[in-house]
Amino acid sequence: MPPVVDPNSLAAFVDPLPIPRVAKPIATRRDPSSAGKKLPLYRIPMREIESKVHRDLRSTRFWSYGSSVPGPVIETRSGEGFFVDWPNELPERHFLPIDHTIMGAEKDKPTVRTVVHLHGAKTPPGSDGYPEAWYVPGKSATYLYPNDQEAAMLWYHDHAMGINRLNVYAGLLGLCMVRDKLEDSLHLPSGEYEIPLVIIDRLLTLDGQLYYPVSKRPEAPWVPEFLGNVILVNGKLLPYLDVKSTKYRFRLLNASNARFYRLSLENGQTFAQIGTDQGLLPAPVEVKVLTLAPGERADVIVDFALAEPGSKIILHNDAVDVMQFRVGSGTPAESHPLPSTLRPVMRIPEQSAVRTRQLTLEEFDNVLDEPDTHLLNGARWHDPVTEKPVIDTTEIWSLINLTDDTHPIHLHLVRFQILDRRPFDVSEYLLKKTVRYTGPVYPPEPNEAGWKDTVRATPGAVTRIIIPFEGYTGRYVWHCHLLEHEDNEMMRPYEVLAESG
Ligand SMILES: [Cu+2]
């Protein structure tokens, strides 16, 4: 590994936190499902850009949507569909180490391939960004997002087969805010008081360029996971944000390849978490340490009226500084009290499930005992599709984690609820293929007890989720959101059928 930037050697909190701009539609297009209705059309090109992540570092090359990392925010309302044209205007050559031994990234494939997935969106299959639906520089795809879903913060990112980890690492990620009437009625902090915080980790060479590590085998450079020492918030290293002495709503996304965060405020204040991946929780949950796996989102309120005026509060990830809030002195701006109830979330009864699937998460090592690949239920990408739920039915998926890692499991198209987690005897399972529980059932944490689209399947436990399959029939995917795992076989197609057959 070349020498990399040590963030401790840089001046902290010298750059203001950038706020990603809001995308503007360029035209309208006929709504295919409603005669005479027109929907906004956005155009968000993928480009190579240069961006300064810190005052004292040279500009970094990124691949971005639009002209920043994260890309522009798509602001939209529930039920109001929209189109996005996603032109690939990237260079012809990739600047990160492609592993041609990985499925889907073979030598006969072009090195620069992209396809966009809107994570958390209920999208028809042709617009969902199927990993094999990639296209090359000079080409584009126009996707329709009917947006028939509740208020939530979604995010768009690359999903190209076999190089997704590299494309997202290069910077291909951005946010989409879905709003709705119920959310409006809560009078949550908005405008300048609502701030997205997109958190990613990277390694930077001393000249400020992205470095992605490689294995010891030059012909197979894939590494089992990526962890960087530099944490960027909205594309800046150790930024600061001037805040007033009032409530703020922060919309957090962990868009890192593999790093989990445990975020806390240095002054001991709690976060009032009001929402998770798929929108508002039933009620605010006080959280001292906020855990976010790759792909997960959190919607939190922080009341700086509770902090000392003039104080500077650092947001920590464990003991590492992430960013700083500078609380202005002076009269606090008026704000609405935080409602004690938010959006009712009806717990889905287990009895409503027509089927339970037992699905293993497994790691396979190579001859050198290094992790080689991870599989979902022992199957590879090209094996026949086995998960075929029927539209408008509910299933329980029991994720049997046989590995030592937590895997954030994400299903496209749907939202789900976490039923529980329960420890079991992994050795016995490996011998006899039977689950023998070794401890009590743990309900989801209070801040996970809403609608989710990404669930932390913890090691040595069976994590059960209950999933109503709604919206569209057709081919989708489910996968681990550790991007190194996803790229190397920890992703499977699934198919929503029109009727059981
Ligand atoms: Cu994984």
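The numbering of the sequence shown is this note's numbering, which starts it at 24 and goes up by one.
Beta carbons are placed, not taken as given, at the ideal position from N, Cα and C, and that holds for glycine.
Going by C-alpha to C-alpha distance, which of the options sits closest to residue i?
i	options	result
residue 267	358, 517 and 153	358
residue 303	327, 515, 274 and 286	274
residue 361	101, 306, 75 and 330	306
residue 418	224, 492, 118 and 504	492
residue 472	182, 210, 446 and 368	368
residue 440	467, 427, 446 and 463	467
residue 464	477, 458 and 446	446
residue 62	442, 103 and 313	103
residue 152	450, 142 and 438	142
residue 123	349, 184 and 506	184
residue 91	256, 203 and 135	256
residue 289	276, 250 and 331	331
residue 67	149, 57 and 163	163
residue 444	486, 411 and 494	486
residue 506	213, 197, 450 and 316	316
residue 365	399, 385, 510 and 323	323
residue 244	129, 287 and 335	129
residue 247	416, 474, 235 and 217	235
residue 354	509, 482 and 269	269
residue 293	337, 260 and 333	337
residue 494	75, 172 and 217	172
residue 516	454, 523, 458 and 436	436
residue 533	238, 86, 132 and 146	Only positions 24 to 524 of the chain appear in the structure, and residue 533 is not among them; the question remains open.
residue 199	127, 24, 286 and 139	139
residue 53	27, 69, 453 and 105	105
residue 284	319, 170, 208 and 454	319
residue 24	37, 77 and 239	239
residue 310	28, 470 and 345	470
residue 345	287, 518 and 42	287
residue 26	112, 237, 226 and 118	226
residue 216	201, 501, 327 and 519	327
residue 93	451, 170 and 179	179
residue 220	197, 99 and 308	197
Pull up the CB-CB distance for residue i and residue j, whole angstroms please, since I reckon it's below 8 angstroms.
i	j	result
residue 96	residue 168	The Cβ separation is near 14 angstroms, so there is no contact.
residue 404	residue 512	6 angstroms
residue 321	residue 301	That belief does not hold up - the Cβ atoms of residue 321 and residue 301 are roughly 12 angstroms apart, past 8 angstroms.
residue 432	residue 422	6 angstroms
residue 181	residue 137	5 angstroms
residue 223	residue 376	36 angstroms between Cβ atoms; not a contact.
residue 271	residue 325	5 angstroms
residue 134	residue 125	Incorrect: roughly 13 angstroms between the Cβ atoms, too far for contact.
residue 414	residue 521	6 angstroms
residue 109	residue 166	7 angstroms
residue 77	residue 204	The Cβ separation is near 41 angstroms, so there is no contact.
residue 113	residue 70	7 angstroms
For residue i, count neighbouring C-beta atoms within 10 Å of its own C-beta (all shown protein chains included) and say buried if the count is 16 or more, exposed if not.
i	result
residue 460	exposed
residue 342	exposed
residue 374	exposed
residue 352	exposed
residue 396	buried
residue 379	exposed
residue 49	exposed
residue 456	exposed
residue 176	buried
residue 31	exposed
residue 389	exposed
residue 479	buried
residue 387	exposed
residue 82	exposed
residue 7	What is shown of the chain runs 24 to 524, which leaves residue 7 out entirely.
residue 525	Given that the chain is displayed from residue 24 to residue 524, the structure contains no residue 525 and the question cannot be resolved.
residue 408	exposed
residue 34	exposed
residue 299	buried
residue 333	exposed
residue 476	buried
residue 188	buried
residue 462	exposed
residue 51	exposed
residue 370	exposed
residue 127	buried
residue 58	exposed
residue 43	buried
Uninterrupted beta strand (DSSP E) stretches inside the segment 434 to 485 (no shorter than 3 residues): 440 to 446 and 477 to 480
Length-filtered (4 minimum) alpha helix (DSSP H) runs lying within the segment 188 to 264: 204 to 208
Beta strand (DSSP E) segments (min. 3 residues) lying fully within the segment 356 to 414: 376 to 388 and 394 to 399
Contiguous beta strand (DSSP E) assignments of at least 3 residues, all confined to the segment 324 to 358: 335 to 340 and 343 to 350
Complete runs of the beta strand (DSSP E) confined to the segment 123 to 185 [at least 3 residues]: 139 to 142, 165 to 168 and 175 to 181
Completely contained beta strand (DSSP E) runs for the segment 47 to 89, where each covers 3 or more residues: 50 to 53, 61 to 66, 69 to 74 and 83 to 88
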